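*Asks:* Provided herewith is a single structure, encoded as structure tokens, for subsequent inquiry.
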Amino acid sequence: MKDFILKMTASKWNYYLSLCVDFLTAVVFLGLSIYYSTDIWASLGLFIVGVIFFTFLEYAVHAWLFHKNHPFKVFIEGHAHHHQNPFSYDAMPFFMSAVIASFFAWLFHFFMPSSDAFAIVGGMALGYFNYGIMHHIMHRREFASNYWRYMQEFHFVHHKKPLLNHGITTDIWDRVFGTYYQWTEEDLKGIEKLKRVKKKAS
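Heads up, the numbering used here is the position in the sequence shown plus 78, with the first residue counted as 1.
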């Protein structure tokens, strides 16, 4: 079973299907929230809260599930494959975002109205989609924007120093938890090996 999961999570079809399911999960949960809510603006506000909250989950999963020693080795080994091959198509099984979102919505509904739970979870799902898209693009294009170029270099340094710079969409949580590393030009040597950018025809 472990070998099957690892093979599946490294497949190209699972990778792209995961991105589609992640986005659809966000749309479905936002739609459910608006449908059951008496205040659409509250739903949209909580949706944004969910997106922001996901940035913490992004850090927590990357730092504590993928890079800490624990009994669930499948997560560590699956992520290690990306570090060995930055252009691989590594992703959780495509259905996992919908399953995890449903679990969180069920859990949250004990503490808040279902419409609010749907909104927050929908935002978290969109945050996960944003994370996936950003990580995909980081390894496959050059950024003109200073901020995204900064985040690209921030992430590439993580490939050299795996216990540091865990964020993908923000560096805030690395600063909070003391895993932020300010790189130098020396640290950026070999960075071109982490980018698969098509050369423009001359």
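The beta carbon of each residue, even a glycine, is placed where N, CA and C say it ideally should be. Keep in mind the model is a prediction, meaning the values are calculated, not measured.
1) Give the C-beta separation of S115 and S193 to the nearest angstrom, bearing in mind that I take them to be a contact with Cβ-Cβ under 8 Å.
2) In this structure, how does DSSP classify K273 when only helix, strand and coil are distinguished?
3) Beta-carbon separation of D249 and F232 under 8 Å?
4) Since H244 and A141 should fall inside the 8 Å C-beta cutoff, what is the C-beta to C-beta distance between them, to a whole number of angstroms?
5) Would you report the Cα separation of P164 and A104, rounded to the nearest angstrom?
6) Taking the alpha-carbon of G72 as reference, which of M86, N208, H236 and L95 has the nearest alpha-carbon?
7) Check each candidate in I118, A138 and R274 and name the one with the smallest Cα separation from I215.
8) Taking only three categories from DSSP, how would you classify G245?
9) When you compare only the Cα positions, how much space is there between V199 and T247?
10) Would M107 and A169 qualify as a contact pair, given that the criterion is a beta-carbon distance under 8 Å?
11) Where are the alpha helix (DSSP H) runs, 4 residues long or more, that stay fully inside the segment 116-181, in chain order?
12) So, with DSSP's three-state summary, where would you put M86?
13) So, at 6 Å on beta carbons, what are the nonlocal neighbours of L124 in its own chain, with the 5 sequence-adjacent residues on each side left out?
14) Do you know offhand how far M86's Cα is from L97's?
15) When DSSP labels each residue in this structure, what does Q230 get in the three-state scheme?
16) Expressed to the nearest angstrom, what Euclidean distance is found between the alpha-carbon atoms of P191 and A179?
17) Between the C-alpha atoms of K22 and F234, what's the straight-line distance to the nearest angstrom?
18) Can you confirm whether H217, when its beta carbon is compared against all beta carbons of chain C, has any partner nearer than 8 Å?
*Replies:* Working from what's here:
1) Yes, they are in contact, since the Cβ atoms of S115 and S193 sit about 4 Å apart, within 8 Å.
2) In this structure, K273 counts as coil in the three-state DSSP scheme.
3) yes
4) 4 Å
5) 27 Å
6) Residue 72 is absent from the model: the chain starts at 79 and stops at 280.
7) By alpha-carbon distance to I215, the top candidate from I118, A138 and R274 is R274.
8) coil
9) Straight-line Cα distance between these residues: approximately 18 Å.
10) This sequence places Phe at residue 107; Met is not what is there. Going by C-beta atoms, F107 is not nearer than 8 Å to A169.
11) Fully enclosed alpha helix (DSSP H) runs of 4 or longer: 118-138 and 151-162.
12) helix
13) D194, A197 and I198
14) 15 Å
15) helix
16) 16 Å
17) Past the edges of the chain, shown from 79 to 280, lies residue 22, and the structure says nothing about it.
18) Protein chain content of the structure displayed is limited to a single chain, and chain C is not contained in it.
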